[in-house]
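Enquirer: To start, I am sharing the structure in question, which I have written as structure tokens.
2 protein chains.
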Amino acid sequence: MYNRATSITCNSMNSKNLNPNVSVDCVVFGFDNERLNVLLIEQKPLNKSIKPQSALPGDLVMEDESLDQAANRVLRELTGLKGIYLCQFKAFGDPQRVRDVKDLAWLQTYREYPQARVITVAYYALVKMHDFSPEASSFADKVYWCDVHNVPPLAFDHNQIVIEGLKTLRREFEAHRIGFELLPKKFTLSQLQRLYEIITDKKFDKRNFRKKILRENILIPLPEKQQGVLHKPAQLYEFNLRELAELGAFNGDTVEIY
Amino acid sequence: MYNRATSITCNSMNSKNLNPNVSVDCVVFGFDNERLNVLLIEQKPLNKSIKPQSALPGDLVMEDESLDQAANRVLRELTGLKGIYLCQFKAFGDPQRVRDVKDLAWLQTYREYPQARVITVAYYALVKMHDFSPEASSFADKVYWCDVHNVPPLAFDHNQIVIEGLKTLRREFEAHRIGFELLPKKFTLSQLQRLYEIITDKKFDKRNFRKKILRENILIPLPEKQQGVLHKPAQLYEFNLRELAELGAFNGDTVEIY
DNA sequence: CCAAAAGTGTTCTTGTTACACCCATGA
DNA sequence: TCATGGGTGTAACAAGAACACTTTTGG
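This is the structure we're talking about:
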């Protein structure tokens, strides 16, 4: 049972005029040339005896910001990350999604209306892990990257959100050409193939992959080779940004907020 | 400025315990062998002098129902339609989306908290128009089908929602094989081609279309022809439901609610 | 016999799959 | 000289695009 004042009214308890019924959650995937990871935070437990729980970075939406703005703000506040293109993929609204006993202590500590029903709007993003060094904020004890194949039990319905986010990511990655910011400026075709294989979770034939990718005319061979490797050094390439832009490869069809 | 009681509290003014911050809107597309239409309702104006405004069927979510349930309930209550597979496609959360002066009168008449910020979760569906006879409810003066090329100015941000719904519909229609319930049981290849052309808003070559569709093995030719037409009568077909089911053609990958 | 829509085949190009061996380097 | 990953070509097949004339019916 709860009672609240929102909107134009500013509740004195609550410097941040939050909407108690709507949140955003961010499924940020990070690629590190080896594995696909997802960004998690560890909730600060109520008291030290309670085992801390992991969760997606997410929080209530403020009354005067859009959903896109909220997603960017929340990610920045909880993890320090900014300048990441977040793409909305689904709203989760099961009436019981914040009612599990495992989440009660956290809700009572951090939410003004712990009983409020919360619908969450989920966003995903894909970044180069080493470009971003997430840092824990006051709300979270830790922020860490976690292999998508090894996600622990998370708060609320966040495991389901991760799964649906992954599905969306893979669908989008195969359909459009997202994810070209994930490699070093100069890279080899094998690195690119590994990127494709890790994200789509499929294997490709080396010759066919190279044929296909070179045919698309989005790579520029450089007058350089790998150095210091203990095998035949590979040709280095960079992306043809002009071509990619024409194909609408960057950031879907919406506009960046931050 | 508003104050409210929700959730476990049942407000005596409000037999239906609605969440003031979250709504659902339904973009129901109807195909009538000629055109693609969208289902609209006409809002009951506050007083007779105000020009009535059209809108998508939509309303606030109840505290104890899921978003999918809400979408189905709202559509049924406002238009009488049920048994329609609704698919969530996007949440709209601009803080100003219910702040336009054009919508003030309606909000003040029908909403307990007219100032509340409302995030809406939009659903789309595609049905055979003549299978459904929408009927106006107490909340709406009229319910009617409207050619998607001629949508009038709508309440709130509903024009934008229709546009995004159409984009989603077309993308899904081309990707998967939805929409096979839209033709009569027995139909001609020309009818099927017209369906494709109207929904995707493209033209196809007759020979190539037939080759492609027959190759897929989803049609069964019937020992029957058209009758009473003033030209060469066409072969009739029916769908190979067994094949279609295997291809996962029906209703995406989620489960029907009602 | 006319109007109207049905029905039909070929060619060209492009993309997809499957598959196995030699090459350049540093240790 | 060896281990390691880099680099290459061909054949078979499937899918997509372009294109024009004959057929059957009712009026």
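Residue numbers (this note's numbering), protein chains in the order written: chain A, 376 to 633; chain B, 376 to 633.
Built from N, CA and C at the ideal position, the CB exists for glycine as well.
1) Identify whether G554(A) lies in helix, strand or coil by the three-state DSSP scheme.
2) How about L557(A) and F406(A): are their beta carbons less than 8 Å apart?
3) Quick one: does S398(A) have its CB under 8 Å from some CB of chain B?
4) Using a beta-carbon distance below 8 Å, is V496(A) in contact with chain B?
5) 8 Å is my cut-off, CB to CB: does E539(B) come that close to chain A?
6) So for L619(A), helix, strand or coil by DSSP?
7) Determine, for E487(B), whether the minimum Cβ-Cβ distance to residues of chain A falls below 8 Å.
8) Determine the closest residue to L461(A) out of A497(A), G468(A), L479(A), F467(A), with distance taken between C-alpha atoms.
9) For a cutoff of 8 Å on Cβ pairs, would you count P362(B) as touching chain A?
10) With a threshold of 8 Å, are at least 3 pairs of Cβ atoms found where one atom belongs to the region 595-605 of chain B and the other to the region 571-578 of chain B?
11) With a 10 Å radius around its C-beta and 16 neighbouring C-beta atoms as the bar for buried, classify P559(B) as buried or exposed.
12) Run through DSSP, which three-state label would K391(A) get?
13) Strictly below 7 Å CB to CB, what residues from chain A border A466(B)?
14) L594(B) bridges to which residues according to DSSP?
15) Is there at least one Cβ from chain B nearer than 8 Å to E572(A)'s Cβ?
16) Answer yes if the region 439-450 of chain A comes into contact with the region 392-403 of chain A, meaning at least three C-beta pairs across the two stretches below 8 Å, and no otherwise.
17) What residues in the region 518-535 of chain B bring their beta carbon closer than 9 Å to a beta carbon of chain A?
18) Around the C-beta of D475(B), are 16 or more other C-beta atoms found within 10 angstroms, so that it is buried, or is it exposed?
19) So which residues of chain A does N394(B) contact, with C-beta pairs closer than 7 Å?
20) Report the three-state DSSP secondary structure of A380(B) (helix, strand or coil).
21) Beta-carbon within less than 8 Å of R569(A)'s beta-carbon, same chain only, minus the 5 sequence neighbours each way: which residues are those?
22) Quick one: which chain B residues come within Cβ less than 8 Å of D439(A)?
23) For E572(A), name the three-state secondary structure that DSSP assigns.
24) Which complete beta strand (DSSP E) runs does the region 446-508 of chain A hold, if anything under 3 residues is left out?
25) Taking the alpha carbon of V526(B) as the reference point, which residue from H606(B), M504(B), A620(B), V537(B) has its own alpha carbon closest?
26) In this structure, does DSSP put Q418(A) in helix, strand or coil?
Expert: Short version:
1) Taking the first residue of the first sequence as 1, we reach residue 554(A) at position 179. Of the three classes helix, strand and coil, the one that applies to G554(A) here is coil, per DSSP.
2) In the first sequence, counting from the first residue as 1, residue 557(A) sits at position 182. In the first sequence, counting from the first residue as 1, residue 406(A) sits at position 31. Yes, these two residues count as a Cβ contact at 8 Å.
3) In the first sequence, counting from the first residue as 1, residue 398(A) sits at position 23. Judged by the 8 Å Cβ criterion, S398(A) is not in contact with chain B.
4) In the first sequence, counting from the first residue as 1, residue 496(A) sits at position 121. Yes, V496(A) counts as interfacial toward chain B.
5) Here the question's residue 539(B) lines up with position 164 in the second sequence. Judged by the 8 Å Cβ criterion, E539(B) is not in contact with chain A.
6) Sequence index remark: in the first sequence, residue 619(A) carries index 244 (1-based). Helix.
7) If you number the second sequence from 1, residue 487(B) lands on position 112. No, E487(B) lies away from the interface with chain A (no Cβ there is under 8 Å from its Cβ).
8) As a working note, residue 461(A) is residue 86 in the first sequence. It is A497(A) whose Cα lies nearest to the Cα of L461(A).
9) With chain B running from 376 to 633 in the structure shown, residue 362(B) is simply not present.
10) no
11) Here residue 559(B) is taken as the residue at index 184 of the second sequence, counted from 1. By the 10 Å Cβ count, P559(B) comes out exposed.
12) On the first sequence, position 16 is the one that residue 391(A) refers to. K391(A): coil per DSSP, three-state reduction.
13) Numbered from its first residue, the second sequence carries residue 466(B) at position 91. Neighbours of A466(B) on chain A, chain order: L442, Q463, A466, V496.
14) Against the second sequence, residue 594(B) aligns to sequence position 219. Beta-bridge pairing links L594(B) to F614(B).
15) As a first step, residue 572(A) is located in the first sequence; it is residue number 197 there, counting from the start. Not an interface residue.
16) yes
17) none
18) For this step, residue 475(B) is matched to residue 100 along the second sequence. The residue is exposed, with fewer than 16 neighbouring Cβ atoms inside 10 Å.
19) Your numbering for residue 394(B) matches position 19 in the second sequence. Within chain A, the residues near N394(B) are N396, R492.
20) Counted from its first residue, the second sequence places residue 380(B) at position 5. The predicted position of A380(B) is uncertain, since its pLDDT is 40 and thus under 50; no value can be drawn from it.
21) Mapped onto the first sequence, residue 569(A) falls at position 194. For R569(A), where only same-chain residues beyond five positions count, the Cβ hits under 8 Å are N408.
22) Here residue 439(A) corresponds to residue number 64 of the first sequence, with the count starting at 1. Under the 8 Å cutoff, chain B gives P470.
23) Start at 1 with the first residue of the first sequence, and residue 572(A) comes out as number 197. Residue state, collapsed to three classes: helix.
24) 462-467, 494-503
25) Numbered from its first residue, the second sequence carries residue 526(B) at position 151. The option with the nearest alpha carbon to V526(B) is V537(B).
26) Translated into positions along the first sequence, residue 418(A) becomes position 43. Q418(A) falls in the strand class under three-state DSSP.
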